[in-house]
Amino acid sequence: MSDWFSGPRPRVIAHRGLALGAPENTLLAFVQAMAIGVTHLETDVHATSDGVAVISHDPDLGRLTGDSTPLASRTRDELRRVRLGADQTVSTLADLLDALPDAFFNIDLKVDAVVEPAVAAIDAARACDRVLITSFDDRRRQRALDALPGVATSPGSRGVVAAALAGRLRAPMIARRVFDSVDALQIPEHHRGVRILTPELVRLAHNRGVEVHVWTVNDPADMRRLLDLGVDGLITDRADLALDVVAARA
């Protein structure tokens with residue numbers, strides 16, 4: 001089992017860091033999360049035009065800076081000059097892995113072009129044991145897994161659909177096919193009005209040794225309710241509130 005799963009549960013996984021007074025997905029946001037006791041950080045990677053994995057949820061910086069130029073058409077050097085606020089800039093994945101050697105990362109591969117640069121950064125940092133790879137695209141995710149043997153992972157869209165079906169039908173055979181190839185199931189509670197998370201799904205996952213993490217949970221009442229269902233991790237924009245909820249249950 002990967003070191004990613006060391007430490008106590010339930011896990012608080014800081015979604016894009018802790019963006020209170022800091023832009024999301026910046027080094028400052030991640031440092032702020034770790035400063036309050038978070039060990040697990042969720043982030044997203046895109047590729048630059050010169051093949052560097054950079055930290056961003058969106059394919060451009062329009063939401064943060066007003067500039068909608070695609071990241072894929074910009075070089076790493078160009079992005080170094082961009083200011084996102086709070087004197088932060090766009091980090092590379094390599095920068096992040098190097099700057100936070102004690103952090104565990106949940107890395108969402110956003111585009112096909114980022115697979116090789118992300119793999120190279122993880123491999124160079126010898127960070128396989130502190131990384132969990134995910135992507136909505138199963139083929140993209142599998143390419144990264146093939147290049148990083150033993151790295152932790154959660155299922156893509158097809159796997160999540162199959163897992164939800166297993167939970168609704170109480171079908172352990174379907175669950176086995178999904179869960180035997182992953183380490184965690186990371187899901188929303190609902191998707192497009194359909195309930196994904198059920199007590200039966202949690203039970204099926206746990207029977208196969210798979211953790212269940214729910215995103216994106218920002219309300220303390222929801223956090224408590226989900227923990228009562230037995231989920232193992234909360235992926236949240238408000239890691240500060242989640243840590244308080246977890247501490248109150250200790």
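Just so it is clear: in the sequence shown, position 132 is 132 by the UniProt record's numbering, and no numbers are missing.
Quick reminder that beta carbons are idealized off the backbone N, C-alpha and C, glycines included.
Given the structure is predicted, the values throughout are model-derived calculations rather than measurements.
Relative to residue 83, the option among 28, 230, 222 whose CA is nearest is 28.
Minimum Cα-Cα distance from residue 169 among the listed residues 143, 198, 187, 157 corresponds to 198.
The beta-bridge partner set that DSSP reports for residue 4 is empty. In the displayed model, residue 104 falls within a strand according to three-state DSSP. Ranking 87, 105, 21, 165 by CA distance to the CA of residue 194 puts 165 first. Straight through space, the alpha carbons of residue 222 and residue 5 are spaced by roughly 23 Å. For residue 47 and residue 204, the gap between their C-alpha atoms comes out near 36 Å. The continuous beta strand (DSSP E) containing residue 134 extends over residues 131 to 134.
Taking the CA atoms as reference points, residue 63 sits about 42 Å from residue 172. Here residue 41 really is in contact with residue 30; their C-beta atoms are around 5 Å apart, less than 8 Å. Per DSSP, residue 221 has no beta bridge partner at all. The Cβ neighbour count for residue 91, taken over all protein chains shown within 10 Å, is at least 16; the residue is labelled buried.
Distance from the Cα of residue 75 is smallest, within the candidate group 49, 14, 68, for 49.
Taking the Cα positions, residue 10 is about 10 Å away from residue 242. Taken in chain order, the unbroken stretches of alpha helix (DSSP H) that lie wholly in the segment 188 to 222 and span 4 residues or more are 199 to 207.
In the three-state reduction of the DSSP assignment, residue 55 falls in the strand class. A straight-line Cα-Cα distance of about 29 Å links residue 150 and residue 35.
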